[in-house]
Each structure stands twice: as C-alpha cells, then as structure tokens.
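A.B. asks:
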Amino acid sequence: MGRPRSARLPHRIRHPLAVSEPSGVLLRRRAPRDDAVPREPADRPARGSRDHVQRVALRRREHARDGRRRAHDRPDRRAHEPASGHRRSMSAAEAGRPTVSVVIPSYRRLERVPPLVAAYLAQGADEVVVVLDGPHPGWRTALADVASEASVVIELPENRGLALARIAGLEAASGDVVLAVDDDVEPGDGLVERHRAFHAGGGDRVLLGYMPVSLPVRRGRDDAPAFVYARDYERQAAVWRSADASSPESPVSPESSSLVLGSLWGGNFSLPRDLYLRAEALAPSIRLDYNEDLDLGIRLERLGATARFDPLARAAHHQVRDLAGFRREAVQRGAAVADLERRWGTRPPQLVPVVTIPASYHGALARGQRRIAASDRPELVERTAVAVYRVAGVLHVWRLQDGVVRFLRRGLAMRGYRQRTRAARDGATGGADAPVPAPSATRPLVEERRVSGPVASTRRRCGTRR
C-alpha cells in the first residue's frame, strides 16, 4: 500500500495553511487552473467529446529547443549588448560607483607612508599609489607592510617636485578618479567615499576637500610658521564657503567654480583621471615649487572643468615647519611665481601679494622688505628680524612672532622672484622655459628598474582585482 498522497508533497505545501490553497497559487503565484475546491475535481470535457481539443504531442527535447529559439528571437530587455552575444561588462563609473585611486607623492617621510596607505584602504580606496620623489635608501624594508594587490610603490630616480611626482602616480593609477593627497595629510572619516560620491554623476568636475592644520595643543617657541599657515588657510576656506553656499547636490555657479580653480590648494582634491590626462596634454607639468596646484587649476579652467569646495570632505594637515625651513620655502615660492608668470604670460591674482608690497603697507617695514629682497644672502635687516623672532618665542609674545614671520615671508619671496627673473633673463634657468618630457619620452617619468621587488611587483595586478 502506497503512502498517502499528502505525504508525497513537499513540507512547505503540507503546511496546514498551504493545503487550503490551490497548487497553482503556491507555485510562482500563478492563477489557479480552475476554481475547484481542493480534492474536488472540476467538471471537464470528456476526452473525445466535441468540446475537447486534442493537444499535439510534443517531445520534451523539441519543446526545450523551441523555447530557446523563441528566447533568442525576442529582444533582450537587459542593458544594450553587442550583437556578438558577449555581454559587455559595465564599468564602476557607469554603475554610479567610480573606482578611486589615491596618489600620494612623498619625500623623505617613509615612516608616514604605511599608516596612510592602511587608512585609505580601510576607507574603501580601490588603489593607493605611493610615489617616492627621489632615491629613498631602504624603502623596500620600510614599506614592506605596504605590499598588497591594492598598493603600488614607485621610486623616481631623482627629486622632481610635487607636480611631476603626481604625474608619475597618475600614469600608474588605474582608477576612474584620482584622489591627490599629500603625505602629511591624514584622511578624516568617510573621505574616500565623499570624493567617490561626488564623481558618481560623471563630468569634468573637481572636488576640493577641507584640510585644516592640526596644530599642537601647546605652542612651541618655533611653531609660528605653522600657526601663520593655519590662519591663512582658514581665511581662504572661508572665502570658498561664502562663494558657494548652495547644497552639494545643486549645480555649482561659474563664479564659485572659477574661484576654487583660481586658488586651488592641493593636498586633498580629486578629479577624473581622464580630465587630469587632458590637462597634462594641454600643458605638461613642470616643477613649480608650492605653485603646482595653481598651475593645474589654470589648465583645468581652460578645459572648461568646474570645481566645488566641500567642507565635509575633511582631512587633517600635519604641517610642521620651523623658521629655517620656512625661510627656504619663501625663497622658492618667489621663484615659482616668476616661473608661473613666464608659463602663462600673466600673474595670477592669488600671487600678487606674495611678491608685491601693497601701497597701504607701513613705510619702514616696506623698506626693510626691499632691503631683504635686494640681497642674495642675509644682511642686517634679516638677521635682526630673526633675532626678534627668537626672543619673542622665548617670551611667548606670539603676536610679535607671527608679525616677524609675515614680514620675512614677503621679503624672501621677493628675493626669490628677483633671482629667478634675472636668471631667466640671462638664460640660466631650468624653470618654465625648460622642455618637459612627455610620458612617452625616452627617459620615462618612472624608473621601471627601481620598482622591481616584493612591494612594487603589485604594480599592474591592482587593476584586475574585484
């Protein structure tokens, strides 16, 4: 004697609530074949009667073949696919989630690189490219923990400056979007995703993030350059905020976009990799110490790109600068202003106060700055200013110390501007007038033989993961 009919049903159908429904409802919720009560068969036409329609016998294999033929003839409702039948894979950018490559140029700060790489990967960066700007002995050991399929380490054969180091990272990157950061910038929570979401809509757009300076709790006697820099940055950030008070989702105004690009402040900004390459094709990058970002902003604006400042794309800038390094930097900034002028034939408004004394400036201080600018080495005025700075630091007279920093900054920048202008006139400069090799030049931007090792062996594999 066989098992009861209900015992042969699946457990889900034998459930007390399921037995009360017709089987056609239980299977894919199709309409029941008839309205008969369960276990009470409906009245059907008898086989052979005039109301009965004879079904054509059809073998299972022929039926399946016919179904495949009809499916092939019916247009596919999925995404547009090539006629060959091979489905084209949709890129992450098309799906609304572009891939992000973080490019970190670094110069003599190997100890900072591993935690930075780990932080960006933890935030979901698809790739991190570290560019060592010049020879760094022992970097393979120092960066041994960085080796992974999501990281690339490149060592340039010589120090070439921030702009060319970034381009080397750009060439090695494989993401849809390049997030260009500095090696002293620590990402805040959600930084990578903030940049990714901004570029999900596509277009030639640049996002400039916010990176306030992380100052020490207690100010030291030689911390004035960092505090002055922090206040200058906050003033500029306030200008960006006031120029674009709209929500991040609304279109950016042309005036606000032009303001951001005309004062582009690197260290935490992103743009499509393709846009960066087009800017490089418009005018190849050159070494412009501390003015590389302004140069890139000029090129991007000429390409019709738009830019927005986002205070929620936040990072911490660990700016460390003593007076000696600050003085060297000021001279380099002035020389870069001269290079930028020759490159574009004009001086950006952002740089006018760097090498020009305003008419409203105090007369005695203006004469002192001109004396500093006219000399190629420290003279009485500069040495006196440095001595006042030291005494103010010991006595914690911070306002006086900050004033000395600003006084020295313009005088030294004017010196660098004068020296570079004179060198260009004499034909002895390698600045803006020097040809910049294209990426395909004989001497590449990246020294390939220096990246063959356990860390650099991941260079091309990172583009194929996931």
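Just so you know, we're using numbering that gives the first Met the number 0 here: the sequence shown kicks off at 0 and counts up by one. Glycine included, every Cβ here is placed at the ideal spot set by N, Cα and C.
Say whether the region 218 to 226 touches the region 149 to 156, bearing in mind that this needs 3 or more beta-carbon pairs closer than 8 angstroms, one atom from each stretch.
C.D. replies: no
A.B. asks: Which residues mark the beginning and the end of the alpha helix (DSSP H) in which Glu381 is found?
C.D. replies: Leu379 to Leu394
A.B. asks: When the Cα atoms are used, what is the spatial distance from Ala437 to Pro283?
C.D. replies: Because the pLDDT of Ala437 is 35, which lies under 50, any placement of that residue in the model is unreliable, and the number read from its coordinates should be weighed accordingly. Those two C-alpha atoms are separated by around 7 angstroms.
A.B. asks: What whole-angstrom Cβ distance do Leu411 and Val319 have, given they're in contact under 8 angstroms?
C.D. replies: Leu411 to Val319, Cβ: 19 angstroms. No contact.
A.B. asks: Could you tell me which of His361, Leu270 and Pro215 sits nearest to Gly467, measuring between CA atoms?
C.D. replies: Nothing can be reported for residue 467: it is not among the residues displayed for the chain, which extend from 0 to 465.
A.B. asks: Measuring alpha carbon to alpha carbon, tell me which residue in Ala423, Ala280, Arg234 and Ile285 is nearest Ala164.
C.D. replies: Ile285
A.B. asks: Just how far apart, CA to CA, sit Thr98 and Ala358?
C.D. replies: 50 angstroms
A.B. asks: For Thr305, collect the residues of the same chain with a Cβ closer than 6 angstroms to its Cβ; drop the 5 residues on either side in sequence, then sort them by chain order.
C.D. replies: Arg204, Val251 and Ser256
A.B. asks: Would you list the residues sitting across from Ile371 in a DSSP beta bridge?
C.D. replies: Note: Ile371 sits in no beta bridge, so no partner.
A.B. asks: Could you have a look at Ser105 and say whether DSSP puts it in helix, strand or coil?
C.D. replies: strand
A.B. asks: Taking its Cβ as the centre, do 16 or more other Cβ atoms sit within 10 Å of Arg414, making it buried, or is it exposed?
C.D. replies: buried
A.B. asks: Is it true that the CB of Asn267 sits closer than 7 angstroms to the CB of Met210?
C.D. replies: yes
A.B. asks: To the nearest whole angstrom, what separates the beta carbons of Leu207 and Val101, a pair I think is in contact under 8 angstroms?
C.D. replies: 16 angstroms between Cβ atoms; not a contact.
A.B. asks: Could you check whether the Cβ of Pro114 sits closer than 7 angstroms to any Cβ belonging to chain B?
C.D. replies: Among the protein chains of the structure shown there is no chain B, as only one such chain exists.
A.B. asks: Distance check for Ala335 and Gly303, CA to CA, integer angstroms please.
C.D. replies: It is roughly 25 angstroms from the alpha-carbon of Gly303 to the alpha-carbon of Ala335.
A.B. asks: Around the Cβ of Arg376, are there at least 16 other Cβ atoms within 10 angstroms (buried) or fewer (exposed)?
C.D. replies: exposed
A.B. asks: Counting pairs of beta carbons, one from the region 166 to 185 and one from the region 306 to 325, are three or more of them closer than 8 angstroms?
C.D. replies: Judged by Cβ distances under 8 angstroms, the region 166 to 185 makes contact with the region 306 to 325, as three or more pairs qualify.
A.B. asks: From the DSSP output, in three-state form, read off Ile285 for me.
C.D. replies: coil
A.B. asks: For the alpha helix (DSSP H) containing Glu470, name the first residue and the last one.
C.D. replies: Because the chain is modelled from 0 through 465, residue 470 falls outside the range shown and cannot be assessed.
A.B. asks: Suppose the cutoff is 8 angstroms on Cβ atoms and the five residues either side in sequence are ignored; what does the same chain contact list for Arg234 look like?
C.D. replies: none
A.B. asks: Just curious, the beta strand (DSSP E) that Tyr209 is in, first and last residue?
C.D. replies: Counting along the chain, the unbroken beta strand (DSSP E) around Tyr209 starts and ends at Arg204 to Tyr209.
A.B. asks: Pick helix, strand or coil for Thr355, following the three-state DSSP scheme.
C.D. replies: Here Thr355 sits in coil by DSSP.
A.B. asks: Start and end of the alpha helix (DSSP H) containing Val191?
C.D. replies: Leu190 to Phe197
A.B. asks: Figure out for me which residue from Leu120, Arg272, Leu276 and Arg240 has the closest Cα to the Cα of Val259.
C.D. replies: Arg240
A.B. asks: How many Å lie between Gly261 and Tyr232 at the Cα?
C.D. replies: The straight-line gap from Cα to Cα measures roughly 15 angstroms.
A.B. asks: If distances are taken between C-alpha atoms only, which option among Asn290, Gly402, Ile371 and Leu339 comes closest to Gly160?
C.D. replies: Asn290
A.B. asks: Taking the straight line between their C-alpha atoms, what separation do you get for Gly95 and Gly189?
C.D. replies: 17 angstroms
A.B. asks: Going straight from the alpha carbon of Val238 to that of Val354, what length do you get?
C.D. replies: 21 angstroms
A.B. asks: Quick check on the burial criterion: 16 or more other C-beta atoms within 10 angstroms. Buried or exposed for Pro134?
C.D. replies: By the neighbour-count rule (16 or more Cβ atoms within 10 Å), Pro134 is not buried but exposed.
A.B. asks: If you measure between the beta carbons of Tyr119 and Val127, is that distance less than 7 angstroms?
C.D. replies: Yes. Within cutoff.
A.B. asks: Quick one: grab the DSSP three-state call for Ser100.
C.D. replies: In the three-state reduction of the DSSP assignment, Ser100 falls in the strand class, which pools E and B.
A.B. asks: Does the structure place the region 332 to 346 close enough to the region 376 to 393 that three or more beta carbon pairs sit under 8 angstroms?
C.D. replies: Contact between the region 376 to 393 and the region 332 to 346 is absent: fewer than three C-beta pairs spanning the two stretches fall below 8 angstroms.
A.B. asks: Is it right to say Glu279 is buried, meaning 16 or more other beta carbons lie within 10 angstroms of its own, or is it exposed?
C.D. replies: Burial is judged here by how many other beta carbons sit within 10 angstroms of a residue's own beta carbon; Glu279 has at least 16 and is buried.
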